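In full-length UniProt numbering, the protein residues as written are 1 to 361. C-beta atoms are modelled at their ideal positions from N, C-alpha and C, and glycine is treated no differently. Remember, predicted model here, so these are calculated numbers, not experimental data. Only one structure is covered here, and it is reproduced in the block below.
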Ligand SMILES: Nc1nc2c(ncn2[C@@H]2O[C@H](COP(=O)(O)OP(=O)(O)OP(=O)(O)O)[C@@H](O)[C@H]2O)c(=O)[nH]1
Ligand SMILES: [Mg+2]
C-alpha cells in the first residue's frame, strides 16, 4: 500500500506499514479531515451509557415497592423476624421502630411498611405478617387464606392493567418473596410443609428458612439443611432462586452458592444488647448472646441480603414475568371463554372472590 492509497482508507484508523528493507514496523496515523471529525462525533461515540443515568434518575424519583410475606406454623418467630428485619441494618438509619410492645400471636394478615431511603433512592418495604397455622385440630386447607391473598394481589394488578384509563404507575401490592418458616425439628420436612410449599411455590417465590436455629447445634443444622434440600427436590417443590430462571453463567455461579446454602438457618429478636460497647440485635441466653446479624452465629444476614440487597430486582422480575404472567394468562383465558369481561376470581375452595372491603387488609 503506498501513501496515496493510504489517504483513501475510509476511516481514521491506525495503520501498520511494514518497511521491508529496514524490517521496522512503523505506525502511521492519518490526520482527520473536518468532515471526518463531524462524522466521528456523530457515530464514534453514541453515548448509550447515558441511559443508565436516565434510568437511575427516573427510579430515584419514582421510588419502588417491595413486598415480602412471612408464612409458617404458629409460634415459629415470624412476627419476631419481621421486627428483626426492620430493626436490622436495612432500615436502622432511616426509620424509627414503630412498635416496642410485646409481640403477641398474630391472628390477622397484617402488613408493616417502612419507607427506606438511601443515597436518594426510596423504597417502600412492606412485610406481610400472616397468622401461623397448626393450632387447629384439622389443618386441612390451612394454605387457603395465604394462596387467596397472593392471588388477590395479582387480580388487583390485572384489573388496574386492564382499565381503559389505567394509572401510569400501577400500585404494586404483589408478593415478591415469601419466607417460609420450617420448625427446627432436625428431621425431615413434615407433610403439612410439603403440601403448603408445593402449592405456594407455584404462585410465588418461596425462600425457606429454618426457624429458631439457635435450638440446633452446628452439626444438626448442617445435616438438617441437607435433608431439607433433598426433600424439596424429591417432592418437586420449587424454591427461589430456581435454576431454570438463571440468566447467564455469572448468575448461575452466584445462585448455585445460594442454592447450596438454602434453607437459611435464622434467629430472630427484637431486643438490642451491648456487646463490646456496641449495640447489637441479639438473644440473651445463660451462656451468652446470640448475635442475630453476626454470620458466625446465624444466617439472618444472608437472608436479609438476598431479599433486600442482591436479589431484590430479580425477585420483582420473577414475580412479574413468571408468576403474575401465569396468573394473567390463566385469567384472560378464562374470561375469553366466558365472554369479554373479566369473570369474578374463583377461589381454591370454589367460592367467588370477596369485594376489596371484605378482604383481609
Ligand atoms: N429461641 C428462639 N425463640 C424465638 C426466636 N424467634 C422468636 N422466638 C420466640 O418465639 C415466640 C413466638 O414468636 P412469634 O414471633 O410471636 O411467632 P409467630 O410465628 O409470629 O407466631 P404466630 O403469630 O402465632 O404465628 C416468642 O416468645 C419469641 O420470643 C428465635 O429465633 N429463637
Ligand atoms: Mg405472629
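Per DSSP, the bridge partner or partners of residue i
i	result
residue 72	181
residue 129	70, 110
residue 274	279
residue 123	64, 116
Coil, strand or helix - residue i by DSSP
i	result
residue 338	helix
residue 99	Note that residue 99 scores 46 on pLDDT, short of 50, meaning its location in the model is unreliable and no value can be drawn from it.
residue 365	Outside the modelled stretch of the chain, which goes from 1 to 361, sits residue 365, for which no answer is possible.
residue 262	coil
residue 357	With a pLDDT of only 36 at residue 357, under 50, the local geometry of the prediction cannot be trusted, and the value read off the model is given with reservation. Here residue 357 sits in helix by DSSP.
residue 117	strand
residue 244	helix
residue 250	helix
residue 49	coil
residue 79	helix
residue 235	coil
residue 269	coil
Contacting residues, own chain, Cβ-Cβ under 6 angstroms from residue i (five flanking each side not counted)
i	result
residue 214	267, 290
residue 111	126, 128
residue 259	none
residue 224	186
residue 194	235
residue 295	301
residue 220	186
Residue j beta carbon less than 7 angstroms from that of residue i
i	j	result
residue 180	residue 277	no
residue 312	residue 66	yes
residue 70	residue 78	yes
residue 173	residue 153	yes
residue 203	residue 239	no
residue 76	residue 177	no
residue 107	residue 131	yes
residue 292	residue 84	yes
residue 318	residue 205	yes
Chain-order list of residues whose beta-carbon lies under 8 angstroms from that of residue i (same chain, five-residue window excluded)
i	result
residue 303	179, 207, 209, 264, 266
Contacts around residue i, its chain only, beta-carbon distance under 7 angstroms, and the 5 residues preceding and following it disregarded
i	result
residue 373	Residue 373 lies beyond the residue range present for the chain, which begins at 1 and ends at 361; the question has no answer from this structure.
residue 251	none
residue 273	280, 282, 284, 289
residue 82	70, 112, 127, 129
residue 324	154, 157, 174
heavy atom of ligand 3 below 6 angstroms from residue i C-beta
i	result
residue 268	By its list of ligands, the structure shown excludes ligand 3, since it contains just ligand 1 and ligand 2.
Every unbroken beta strand (DSSP E) inside the stretch 133-219 [3 residues or more]: Look at the stretch 133-219 and you find these whole runs of beta strand (DSSP E), each 3 residues long or longer: 177-182, 206-210.
What are the start and end residues of each continuous beta strand (DSSP E) run of 3 or more residues lying completely inside the stretch 280-342, in chain order? If we require 3 residues or more, the beta strand (DSSP E) runs fully inside the stretch 280-342 come out as 288-291.
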